[in-house]
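**Student:** In this text, residue positions in the sequence shown follow the numbering used here: the first is 37, and each later residue adds one. Okay, here's the structure, questions in a sec.
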Amino acid sequence: MADHMSSATQPPSAILPTYARADVSFARGEGCWLEATDGSRYLDFGAGIAVCCLGHGHPHLVNALIDQGRKLWHVSNLFRIPEAERLAQRIVDASFADYVFFTNSGAESLEGAIKTARKYHAAKGHPERFRLITFEGAFHGRTLATIAAGGNPKYIEGFGPKADGFDQAPFGDIEAVKALIGPQTAGVLVEPIQGEGGIRVPPASFLKALRALCDEHGLLLVLDEVQSGMGRTGKLFAHELMGVMPDILATAKGIGGGFPLGAFMTTREAGSGMVTGTHGTTYGGNPLAMACGNAVLDVVLAPGFLEEVAHKGTLLKQRLAALQDAHPKVIAEIRGEGMMLGLRTHTSNAEFAVAARAQRMLVIPAGDNVVRLLPPLIAGDEEFAEAIDRLGRACQQIEADLAAKGNGSAS
Numbered sequence: 037m038a039d040h041m042s043s044a045t046q047p048p049s050a051i052l053p054t055y056a057r058a059d060v061s062f063a064r065g066e067g068c069w070l071e072a073t074d075g076s077r078y079l080d081f082g083a084g085i086a087v088c089c090l091g092h093g094h095p096h097l098v099n100a101l102i103d104q105g106r107k108l109w110h111v112s113n114l115f116r117i118p119e120a121e122r123l124a125q126r127i128v129d130a131s132f133a134d135y136v137f138f139t140n141s142g143a144e145s146l147e148g149a150i151k152t153a154r155k156y157h158a159a160k161g162h163p164e165r166f167r168l169i170t171f172e173g174a175f176h177g178r179t180l181a182t183i184a185a186g187g188n189p190k191y192i193e194g195f196g197p198k199a200d201g202f203d204q205a206p207f208g209d210i211e212a213v214k215a216l217i218g219p220q221t222a223g224v225l226v227e228p229i230q231g232e233g234g235i236r237v238p239p240a241s242f243l244k245a246l247r248a249l250c251d252e253h254g255l256l257l258v259l260d261e262v263q264s265g266m267g268r269t270g271k272l273f274a275h276e277l278m279g280v281m282p283d284i285l286a287t288a289k290g291i292g293g294g295f296p297l298g299a300f301m302t303t304r305e306a307g308s309g310m311v312t313g314t315h316g317t318t319y320g321g322n323p324l325a326m327a328c329g330n331a332v333l334d335v336v337l338a339p340g341f342l343e344e345v346a347h348k349g350t351l352l353k354q355r356l357a358a359l360q361d362a363h364p365k366v367i368a369e370i371r372g373e374g375m376m377l378g379l380r381t382h383t384s385n386a387e388f389a390v391a392a393r394a395q396r397m398l399v400i401p402a403g404d405n406v407v408r409l410l411p412p413l414i415a416g417d418e419e420f421a422e423a424i425d426r427l428g429r430a431c432q433q434i435e436a437d438l439a440a441k442g443n444g445s446a447s
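As structure tokens, this is what we get:
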């Protein structure tokens with residue numbers, strides 16, 4: 037099940053070698069499909085890690101990008117940007133928020149959310165309240181602050197002292213959170229569903245308990261919905277499934293449909309410390325990105341779209357459960373909400389991803405030995421049937437490999 041060419045035989049690249057890239061590259065895409073440079077077609081259930089929420093080459097998104105590209109790309113935030121004001125108002129109207137700040141990535145959105153939480157307390161006369169309680173298994177980005185917030189030693193090692201201000205609790209453990217609250221605590225930063233951590237969904241009571249703790253102690257509830265936001269779970273944001281409203285929220289990935297775009301959102305009260313000069317960005321909110329963001333919302337907020345995502349997610353989860361029943365030695369568990377799903381595997385998740393890729397299907401490894409299924413939100417019955425067929429063949433290949441290993445060890 038090895039890729040066509042080992043890394044040792046790949047031609048040298050001038051790109052800094054921080055990725056273990058699969059030996060396949062893509063020339064074009066349409067809907068839920070990608071065409072590789074050798075002409076082979078792949079069913080894309082990774083969507084660029086939940087980014088291409090409308091799939092590849094969506095006509096409305098393409099037209100919006102071309103139309104805006106002919107007019108104006110960039111002016112900077114020294115001037116009003118009508119496209120940004122429109123997108124911000126639409127997000128506010130559809131969410132808990134009163135304010136939106138546009139960025140270019142999820143990590144930037146998290147940085148802004150962290151700064152906003154700290155600044156809120158400083159502006160209230162309590163600069164000592166700067167610490168955020170975060171959770172084991174979290175992933176918040178690759179900046180110095182966000183790797184410290186995530187707490188994964190693999191991402192922290194070698195980059196100097198860990199940025200201060202983050203205290204970790206086990207995910208889902210409300211008693212551990214209570215024990216960490218102190219006079220320096222500013223808030224709680226949590227993913228409603230851990231994505232990179234392995235599509236880990238806490239009970240709804242956990243987020244509600246966090247909200248109650250924050251209210252009790254005057255803390256801010258900061259949500260990371262970089263991966264779970266923009267319709268991925270069948271709601272615009274995953275916290276809506278759990279009946280909890282945050283004070284601050286960071287999002288990205290699907291918000292631009294593939295164009296680099298992120299945002300952090302805040303209530304009027306939580307954002308009260310962020311006044312002129314406290315934060316900025318050169319590219320964030322540029323007209324080209326805003327055209328894409330507005331085009332995505334045109335589709336995602338259309339009547340019935342999110343309800344359809346939730347319905348399709350339930351159907352896909354049922355089909356995956358049947359696949360698990362057929363291959364119990366390969367698939368251990370089905371996880372997730374909407375079209376943010378995960379398969380915990382008995383074998384290596386990397387091995388499973390390679391086996392799926394051999395069947396011309398893309399899935400994304402995550403923590404806890406999980407592979408993520410993050411199809412474009414436009415996927416439907418035809419793509420689901422094809423996915424189950426290809427995943428089934430991948431399971432069969434893994435089972436055959438396991439049987440061969442077993443026979444080999446017995447001989």
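Cβ atoms here follow ideal geometry from the backbone N, Cα and C, with glycine treated the same way.
Tell me which same chain residues have a C-beta within less than 6 Å of the C-beta of residue 281, skipping the five on either side of it?
**Tutor:** Hits under 6 Å: 132.
**Student:** Based on Cα-Cα distance, which residue from 401, 380, 434, 309 lies nearest to residue 162?
**Tutor:** Nearest of 401, 380, 434, 309 to residue 162, Cα basis: 309.
**Student:** What are the boundary residues of the alpha helix (DSSP H) that includes residue 191?
**Tutor:** 189 to 192 is the extent of the alpha helix (DSSP H) around residue 191.
**Student:** Could you pull out every residue in the same chain whose Cβ sits closer than 7 Å to the Cβ of residue 411, ignoring the five residues on either side in sequence?
**Tutor:** Once the five neighbours on either side are set aside, the close Cβ partners of residue 411 are 68, 81, 83, 375, 419.
**Student:** Just mark residue 311 as buried or exposed, buried being the case when its beta carbon has 16 or more other beta carbons within 10 Å.
**Tutor:** Label assigned to residue 311: exposed.
**Student:** Tell me where the alpha helix (DSSP H) around residue 388 begins and ends.
**Tutor:** Here the alpha helix (DSSP H) through residue 388 covers 385 to 394.
**Student:** Using a Cβ-Cβ cutoff of less than 8 Å, which residues in the same chain neighbour residue 428 once the five nearest sequence positions on both sides are dropped?
**Tutor:** Excluding residues within five positions, the ones whose Cβ falls inside 8 Å are 359, 362, 363.
**Student:** What residue range is occupied by the uninterrupted alpha helix (DSSP H) comprising residue 156?
**Tutor:** Taken as a continuous stretch (DSSP letters only), the alpha helix (DSSP H) holding residue 156 covers 142 to 159.
**Student:** Tell me, to the nearest whole angstrom, how far the beta carbon of residue 224 is from that of residue 257; I am working on the premise that it is less than 8 Å.
**Tutor:** Correct: roughly 6 Å between the Cβ atoms.
**Student:** Going by CA-CA distance only, name the one from 355, 365, 386 that's closest to residue 371.
**Tutor:** Per the Cα distances, 355.
**Student:** Please report how far the alpha carbon of residue 153 lies from the alpha carbon of residue 63, in whole angstroms.
**Tutor:** Going from the Cα of residue 153 to the Cα of residue 63 covers about 42 Å.
**Student:** From the DSSP secondary-structure annotation, give me the bridge partner or partners of residue 125.
**Tutor:** Answer is none; residue 125 lacks a bridge partner.
**Student:** Which value, in whole angstroms, describes the spacing of the CA atoms of residue 176 and residue 54?
**Tutor:** Whole-angstrom Cα-Cα distance: 18 Å.
**Student:** Among the candidates 99, 300, 413, whose CA atom is the shortest distance from the CA of residue 350?
**Tutor:** Out of 99, 300, 413, 413 has the C-alpha closest to the C-alpha of residue 350.
**Student:** Report yes or no: is there a C-beta of chain D within less than 9 Å of the C-beta of residue 394?
**Tutor:** Going by chain labels, chain D is absent from the structure shown, which holds only one protein chain.
**Student:** Can you tell me whether residue 350 is helix, strand or coil according to DSSP?
**Tutor:** Reduced to three states, the DSSP call for residue 350 is helix.
**Student:** Can you tell me the Cα-Cα spacing of residue 421 and residue 377, whole angstroms?
**Tutor:** If you take the alpha carbons of residue 421 and residue 377, they lie about 16 Å apart.
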